[in-house]
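Take a look at the structure set out below.
Numbering (full-length UniProt numbering), first residue to last: 1 to 473.
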C-alpha cells in the first residue's frame, strides 16, 4: 500500500489530515484501560445465565467503542473505495510531529499503540473467536461490506429446498430482482442435487457457511444459523427470509421503510400472546442506562413474553456489525445450556433465536433499530360459533356487539404480517395446514380471510395455542 497516497486521501493537505489522524489516534489510545483492568476485560467469562449475558454485554460495549476507534484510524474512504491502512507505525516514524502533538516521545507512542492493538485483538478473540482463521480479523470482515450491494438471504437444508423453489419464484413474480444467497452448512445439510436445482433459478447462489465458522466446542445448526447467514452473506444490506415465509408484496420495498432508512435495522413483532413480565430479567442481563426502547418493550411492560418474530429481518451490516456479531455469539457458543455442568444457555432463557436480535442490539448498546408498525394477524378459514342467545343482563348493545364479533375465529399455524396500510404483506408458517405432517397429499390451506390481533394490551390473551402448533384467534 502506498503510504503517501493513503496518508493524504482525496488530496487533503498534510496538515489538515495530520490533525484528523492525530485526533483519532488520541481517541483510540484513550480507550486503553490500566494493565489490571485490561486483564479483567480480556479474561475468561466465568459466569452463566443472566450474569454471563450481562458480562458479555459489558465486554461487547468496550469492544464496540475500541473497534470503531480503531477503524476510524485505519479505514480511509477514497472516493468510491475504502482503503485499509497498514502503515500506522511507519507514519509515526516518518512524522515525529505526531508524537509531539500528543505530548509523547516516539518510543512511548509506539508502545501505547501496540498495547491498544493487543487489547483489541485479545478482546475480539475472547468475544468472537469463531470468525478465525477464515477471516484475517474483524476489521477485514467488516470492510468487505462497505461498498457491497443489497440482497436477500435464506438458510436451507434439503427439507427446506422445496419451499425455496416456490418462494423464490413467487418473489420474482412480485417484481423483486434482488440477488439471492442461500446459505447452508455442508453437503449433509444441502445436497449437491438441491444446490443445482436452486442455482438454476436466475440470480440465486448457494454458499456453504461451514468453513467460515469455527464451532469447536459447540455446533452451528438449525435456527441458530440465521444471524450467521446474514453476517456471512456478501451483501451489505440484507433481507433475511425464513424458508417457510412467503411474501404477498415485493420484499425489496422493506428497504424503503422510513424506520429502516433511519436506523438500518428493521424487525417484526411476534403475536401479542402469553402475557407475562420479564422486567426483572431484563434488568439482570442489560448493562446500566437501560434504553427507552427496552422500557417500552412487551417483555418490560408485561404485555407478552414474546417480542420479536424473526421470520424476516432487515439489516445494514455496515452500520450494525458489532451488534450482529453479538447476536451470532448468542446463537453460537452461548446458545445451549447443560444441567450436568450447571450451565444456563441463551435458549434456556428465550425461545430460540427470535429475541436474540433486538436483545443483541441492546446488549452492545446499539439502539438504532425499529419494529415494523404493521399488525400481526391470523389467516385461514373463518369459523363462526353458534348464535349467542339474546342477553338479559345489563350489558349495552355495544358490549353485545363486541361479544358477538369475538365469536368469529380462525385457527391456523401461520402468522400474517400486515403492512402499515393494513394490507397483507408476508406470512410465516408455509401454505400447508401442517408443514410438519408426513402426509404427501396435503392440500394448501384455504386462506379466505384474516383477522388482525387487537392492539389493546389487555387482549394479549386473545390468541389460543392449539394442537399441531395452530394458533386460534
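The beta-carbon is built from N, C-alpha and C at its ideal position, and this holds for glycine as well.
Hey, out of the options, whose CA is closest to residue i's CA?
i	options	result
residue 25	43, 81, 89	89
residue 367	220, 168, 225, 264	264
residue 450	444, 443, 434, 416	416
residue 275	241, 297, 443	297
residue 71	205, 239, 54, 318	318
residue 96	256, 85, 110	110
residue 295	197, 359, 34	359
residue 21	87, 171, 146	87
residue 160	105, 190, 147	190
residue 116	425, 42, 446	42
residue 426	239, 203, 99	239
residue 345	336, 165, 352	336
residue 32	123, 44, 80, 47	123
residue 311	247, 369, 277, 349	247
residue 146	452, 38, 82, 254	82
Going by other Cβ atoms of all chains shown within 10 Å of its Cβ, with 16 needed for buried, is residue i buried or exposed?
i	result
residue 237	buried
residue 195	buried
residue 441	exposed
residue 30	exposed
residue 395	Reliability fails at residue 395, whose pLDDT of 43 lies under 50, so the model's placement of it is uncertain and the value that follows must be treated cautiously. Exposed, because fewer than 16 other Cβ atoms sit within 10 Å of the Cβ of residue 395.
residue 177	exposed
residue 508	In the structure as shown, the chain begins at 1 and stops at 473. Residue 508 is therefore absent and cannot be evaluated.
residue 474	The question about residue 474 has no answer here: the residues shown for the chain are numbered 1 through 473.
residue 192	exposed
residue 231	buried
residue 59	buried
residue 326	buried
residue 414	buried
residue 224	buried
residue 443	exposed
residue 107	exposed
residue 84	exposed
residue 219	exposed
residue 401	Note on residue 401: pLDDT 35, under 50, position unreliable in the model; the coordinate value appears next. Counting Cβ neighbours within 10 Å, residue 401 comes out exposed, since fewer than 16 surround it.
residue 341	exposed
residue 455	exposed
residue 429	buried
residue 64	buried
residue 338	exposed
residue 384	exposed
residue 292	exposed
residue 34	exposed
residue 233	buried
In terms of DSSP beta bridges, what is residue i paired with?
i	result
residue 247	426
residue 416	377, 427
residue 81	78
residue 150	237
residue 266	314, 370
residue 409	383
residue 449	380
residue 22	In the DSSP output, where bridge partners are listed per residue, residue 22 has none listed.
residue 155	183
Would you be able to state if there are at least three C-beta pairs under 8 Å between the segment 126 to 141 and the segment 204 to 219? yes
Hey, is the segment 60 to 76 in contact with the segment 298 to 312, meaning 3+ C-beta pairs nearer than 8 Å? no
Three or more C-beta pairs under 8 Å: does that hold for the segment 406 to 423 against the segment 292 to 303? no
Spell out a yes or no on whether the segment 142 to 155 and the segment 310 to 330 are touching, meaning 3 or more CB-CB pairs, one atom from each, closer than 8 Å. yes
Which parts of the segment 171 to 229 are runs of the beta strand (DSSP E), unbroken and 3 residues or longer, counting only runs that do not cross its ends? 180 to 184, 204 to 208
At least 3 beta-carbon pairs within less than 8 Å: the segment 326 to 346 vs the segment 258 to 273: no
Could you tell me whether the segment 420 to 427 touches the segment 368 to 379, where touching means 3 or more Cβ pairs closer than 8 Å? yes
Count the C-beta pairs between the segment 114 to 128 and the segment 148 to 163 that are closer than 8 Å, then say yes if the count reaches three, no if not. no
Could I get the ranges of all uninterrupted beta strand (DSSP E) runs contained in the segment 268 to 344, with 3 residues as the minimum, in chain order? 308 to 316
Jot down the residue ranges of each uninterrupted beta strand (DSSP E) in the segment 32 to 79, minimum 3 residues, whole runs only, in chain order. 75 to 78
Touch test, the segment 45 to 56 against the segment 281 to 296, Cβ-Cβ under 8 Å, three pairs minimum: yes
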